[in-house]
Amino acid sequence: MASRIHCLKSAAVFGLLAVAAAVAGQPTAAGAVEEVNLYSNRQPELIQPFLNEFTRLTAIKVNIVFAESGMLERIKAEGTNTPADAVLTADVNRIYQLAEADLLYPLKSSAIDKNIPTQYRQKDGLWIGLTTRARIVYASKTRLKPGEVATYEDLTKPHMKGRICSRSGKHEYNIGLLAAVIAEKGEQGAEEWARGVKANLARKPQGNDRVQVKAIKEGICDVALGNTYYMGLMQTNEKEPEQKEWAAAVNVVFATFDSKGTHVNISGAGVTKHGRNRANAVKLLEFLSDDLAQKMYAELNFEYPVKPGAQLSPLVKSWGAFTPQEVNLETIAKNWGLATKIMDRVDFDG
Ligand SMILES: [Fe+2]
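Residue numbers are given in the working numbering: position 169 of the sequence shown equals residue 361, and the series is strictly consecutive.
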C-alpha cells in the first residue's frame, strides 16, 4: 500500500492535490491496517469530520486525495492499478461520467437501499446521491422588491438589467443549472435563457458563490445565483465573520421554473471497479448514507440529507420549503455537454 499511496504524490501532474487524512487507522488483530482510499472533489474541510467519525467507529483509516478536477482522467489512466476505492463528487455529472466510463462497481447493500431513496440511486447501483442542494437566488433585502424574482425566467427580464452577479458560466454549478434549463425548455430555450441572464449581468462573471453575496452587500448587484449550503456556511462563519454580514444582506429565494420546481443537484458517491479495498469502500458509503453522517451533513454543511426522516438543520429549515424540479438526475448529467456548449456559444463569461 505504501507504494500505491506514494504514487498519489504524483497527483499534481494531473492537477490533483493529495491530502493525507488526519485520521489514524488501527491495526487489525492480524496486524494489517484496514483502510480505504477516497478520491474526492468535495472540499476537504467539508468531508473531514465525517471521515474522522467513520475511522473512530470502524478503525478503518481513510486516505483522501482531493481532486479539484481531473478525477475521471486520473482513474482512467490508473486503470486496474488505481488506488481509488471510493469516490465523492460535488455534482451528478462527475459521478455519471465515471459510471459511463465503466469505472464504478455496482453497489449491493441493503443498508444503502434502505437509506437512499430510489431517485438518488443509479438504477444499476453504480452511484448514489448522499445529499442534495438547491441552486437558488440570493436577493438583496433592501433593493429587491417582492415578486421581482420568483422564477429563473425572471432573471432574463428587462427589469433585472444590470442587477445580477454570477460566478463563471463554466463552473459546474452553473452548467448544472443550465442542464436543468435544457430539460425544461430544450436547447433553443436554454440558449435564450443564458443570453438573457448574461444581458442582465452587473459585471463580468467572477469569484465563487459567496463572492456574489459580498457584491450584493456592496451594492454592485441585487441578486445572484448560489447553492443553498453556502448561505448556512456564511451565516455561521466564525473564522471569517465578515461573511455573516454578507449573508445578512440577502434573503434566500427558492426560484422555480415557470412550470414549477427548483434546480437541485446532488453530492455523489460510488465504489470504483478496480479498487482493492472494496468491502471498506462499501462500509464507508453505508456510513455516509446512515443517520449519523446524514445528520452531520445537515448540521455542519447545511445540505439536505436524503435519508428519509433525517432532520434538516434549524437554520436551513428557517429558509422555508421548496419543491425540486421533476427531472431524472441522469437527464441533468446527459445535458451537461450541451450546456457547456451553450455557455460558450453565448460567451457567458465574455
Ligand atoms: Fe460547493
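Ideal Cβ placement from N, Cα and C applies to all residues, glycine included. This structure is a prediction, so every number in the text was calculated from the model and none was measured.
Here's the rule: buried if 16 or more other CB atoms are within 10 angstroms of the residue's CB, otherwise exposed. What is residue i?
i	result
His351	exposed
Pro497	buried
Asp283	buried
Arg266	buried
Ala212	Annotation note: pLDDT 40 at Ala212 (below 50); position unreliable, coordinate value reported separately. So Ala212 counts as exposed.
Lys409	buried
Pro506	exposed
Ala225	In the sequence under discussion, the amino acid at residue 225 is Val, which differs from the Ala named in the question. Val225 is exposed by the Cβ-count criterion.
Gly354	exposed
Lys484	It is Leu, not Lys, that sits at residue 484 in the sequence shown. So Leu484 counts as exposed.
Pro433	exposed
Ser358	buried
Gly501	exposed
Ser459	buried
Pro397	buried
Gly368	buried
Which partner residues does residue i have in the DSSP bridge list?
i	result
Pro497	Thr323
Arg313	Ile320
Glu227	Lys253
Ser459	Thr323
Thr454	Pro516
Ile328	Gly418
Tyr297	Val463
Asn443	Ala331
Ser278	In the sequence as displayed, the identity of residue 278 is Ala instead of Ser. According to DSSP, which records beta bridges pairwise, Ala278 is partnered with Leu230 and Val463.
Cys357	Ala416
Thr523	In the DSSP output, where bridge partners are listed per residue, Thr523 has none listed.
Leu393	Ile356
Thr247	DSSP lists no partner for Thr247.
Would you kindly work out how many angstroms separate the C-alpha atoms of residue i and residue j, rounded to a whole number?
i	j	result
Gly399	Lys406	10 Å
Glu495	Arg325	6 Å
Lys253	Trp319	22 Å
Ser332	Val341	11 Å
Gln404	Cys413	8 Å
Gln427	Asn273	43 Å
Ala203	Asn229	Note that Ala203 scores 37 on pLDDT, short of 50, meaning its location in the model is unreliable and no value can be drawn from it.
Ala214	Leu530	The predicted position of Ala214 is uncertain, since its pLDDT is 36 and thus under 50; no value can be drawn from it.
Arg537	Phe258	31 Å
Ala276	Gly467	5 Å
Arg313	Glu227	25 Å
Glu245	Ser232	17 Å
Asn255	Asn469	12 Å
Gly339	Glu345	12 Å
His455	Lys268	30 Å
Ala386	Leu249	47 Å
Leu521	Asn429	31 Å
Ala194	Tyr489	Legend: pLDDT at Ala194 = 36, less than 50; position of this residue unreliable, value from coordinates given subsequently. Computed Cα separation, rounded: 31 Å.
Gln235	Glu518	28 Å
Trp438	Asn472	41 Å
Gly271	Leu336	52 Å
Ala216	Ile239	For Ala216, the predicted structure reports a pLDDT of 43, less than 50, and the residue's modelled location is therefore unreliable. A value from the coordinates is still provided. Near 16 Å, if we compare the C-alpha coordinates of Ile239 and Ala216.
Pro241	Lys349	43 Å
Asp539	Gly388	12 Å
Ser301	Val474	8 Å
Ala278	Ser481	14 Å
If residue i sits next to residue j, beta carbons under 8 Å apart, how far is it from one beta carbon to the other, in whole angstroms?
i	j	result
Ile356	Leu347	6 Å
Tyr297	Val463	5 Å
Tyr330	Val444	7 Å
Asp401	Tyr422	5 Å
Asp294	Lys465	7 Å
Ile304	Glu478	6 Å
Tyr365	Arg395	Tyr365 to Arg395, Cβ: 18 Å. No contact.
Lys487	Asn307	Not a contact, Cβ separation roughly 12 Å.
Quiz item: Can you pull every residue whose C-beta falls closer than 6 Å to some heavy atom of ligand 1, listed in chain order?
Solution: Residues with a Cβ closer than 6 Å to any heavy atom of ligand 1, in chain order: Ala282 and Asn419.
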